[in-house]
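Structure, as structure tokens:
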Amino acid sequence: MIGNGNNKKICSIICGAPCNGLQRELVQGFVIAADRGLDIALEAGIKPDLVVGDFDSAKSEVPEGVECVKVSPIKDDTDAMLAAHFALKYGCNELRFFCAIGGRIDHTVANIQMLYHFKMRGISGVLFGDDTRLFLLSDESVEIPKYDGYLSVFAYEKNVIVSESGVRYPITNHPLTNDMPIGVSNEIAGDKAVITVHSGTALVLEVHGK
Numbered sequence: 210m211i212g213n214g215n216n217k218k219i220c221s222i223i224c225g226a227p228c229n230g231l232q233r234e235l236v237q238g239f240v241i242a243a244d245r246g247l248d249i250a251l252e253a254g255i256k257p258d259l260v261v262g263d264f265d266s267a268k269s270e271v272p273e274g275v276e277c278v279k280v281s282p283i284k285d286d287t288d289a290m291l292a293a294h295f296a297l298k299y300g301c302n303e304l305r306f307f308c309a310i311g312g313r314i315d316h317t318v319a320n321i322q323m324l325y326h327f328k329m330r331g332i333s334g335v336l337f338g339d340d341t342r343l344f345l346l347s348d349e350s351v352e353i354p355k356y357d358g359y360l361s362v363f364a365y366e367k368n369v370i371v372s373e374s375g376v377r378y379p380i381t382n383h384p385l386t387n388d389m390p391i392g393v394s395n396e397i398a399g400d401k402a403v404i405t406v407h408s409g410t411a412l413v414l415e416v417h418g419k
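Spelled out as structure tokens, the structure:
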């Protein structure tokens with residue numbers, strides 16, 4: 210899993226994309242609900258530590274004793290980005306965004322760009338959807354345990370050098386470009402896959418289930 214070793218401080222940010230249920234075991238650390246994420250959090254029995262957003266979609270009342278920051282809907286940041294900035298103020302350095310994939314495609318794209326924004330500043334993040342986990346790798350490796358589904362690796366920057374082992378279609382020091390989706394729909398063949406980005410930044414997608 211992505212992180213900063215023993216020094217990581219996790220923030221779980223619950224966003225507002227449609228989702229069938231939170232992966233509660235992964236909702237750890239400081240919990241922020243971003244706008245409609247408040248409804249999703251409370252439905253899952255999770256009381257957030259902080260609620261932020263312009264509240265153009267949340268229907269629930271903020272629980273008593275929970276800090277709430279309401280902002281104008283006329284703003285540059287999405288509610289997810291706003292929540293992430295608050296996470297950094299609380300000293301968090303690993304960001305987990307739940308219910309952050311699906312629904313409006315523009316918000317999904319915005320969330321991916323948000324990951325890149327923080328990745329370039331040394332902050333790791335991951336997006337979770339119902340059956341998908343998405344994150345970025347820059348000059349680093351990650352081990353991914355075997356699961357039933359597809360594993361895709363795309364160049365996020367123009368030129369990326371990638372190695373993939375433990376997969377059905379392994380590659381070694383292979384160039385990927387952001388105008389050719391050659392890295393789509395691989396599968397983990399062994400007990401685990403190892404993805405190494407030797408240079409540049411790659412987008413990794415785990416799609417669980419077939």
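Residue numbering for the sequence shown follows the numbering used here, starting at 210 and increasing by one per position.
Glycine included, every Cβ here is placed at the ideal spot set by N, Cα and C.
Contact check, residue i vs residue j, beta carbons under 8 Å
i, j, result
"Ile353", "Ile397", "yes"
"Leu247", "Val260", "yes"
"Ala296", "Cys220", "yes"
"Phe239", "Tyr299", "yes"
"Leu346", "Val278", "no"
Length of the line joining the Cα atoms of residue i and residue j
i, j, result
"Asp357", "Ile283", "42 Å"
"Asp244", "Asn382", "42 Å"
"Ala375", "Gly399", "Ala is not the amino acid found at residue 375; the sequence shown has Gly there. Approximately 5 Å between the Cα atoms of the pair."
"His316", "Phe344", "16 Å"
"Gly392", "Ala411", "10 Å"
"Ala242", "Asp286", "15 Å"
"Cys301", "Pro384", "33 Å"
"Asn213", "Lys328", "Unreliable placement is indicated for Asn213, whose pLDDT of 41 sits below 50; the coordinate value is still reported in the next sentence. Roughly 12 Å separates the two Cα atoms."
"Arg342", "Val403", "16 Å"
"Pro379", "Val351", "15 Å"
"Ala272", "Leu324", "Note that residue 272 corresponds to Pro in the displayed sequence, not to Ala. If I take the Cα positions, the gap works out to 29 Å."
"Asn395", "Lys355", "12 Å"
"Lys218", "Leu291", "18 Å"
From the options, residue whose alpha carbon lies closest to that of residue i
i, options, result
"Phe306", "Gly262, Leu414 and Val335", "Val335"
"Met389", "Gly331, Lys367 and Val376", "Lys367"
"Ser205", "Asp340, Asn302, Ser394 and Val406", "In the structure as shown, the chain starts at 210 and stops at 419, and residue 205 therefore has no counterpart that could be examined."
"Ser484", "Asp263, Gly274, Lys268 and Glu270", "Here the chain has residues from 210 to 419 only, and residue 484 is not among them."
"Gln232", "Gly338, Val362 and Arg313", "Gly338"
"Asp340", "Lys217, Arg330 and Gly418", "Gly418"
"Ser361", "Asp258, Cys228 and Arg377", "Arg377"
DSSP-derived helix/strand/coil call for residue i
i, result
"Tyr365", "coil"
"Phe264", "coil"
"Ala226", "coil"
"Val318", "helix"
"Leu297", "helix"
"Ile255", "coil"
"Lys218", "coil"
"Tyr359", "strand"
"Gly246", "helix"
Whole-number beta carbon distance between residue j and residue i, since they are thought to touch under 8 Å
i, j, result
"Gly230", "Ser266", "In fact, because the Cβ distance is near 19 Å, the residues do not count as touching under 8 Å."
"Ile222", "Ala289", "6 Å"
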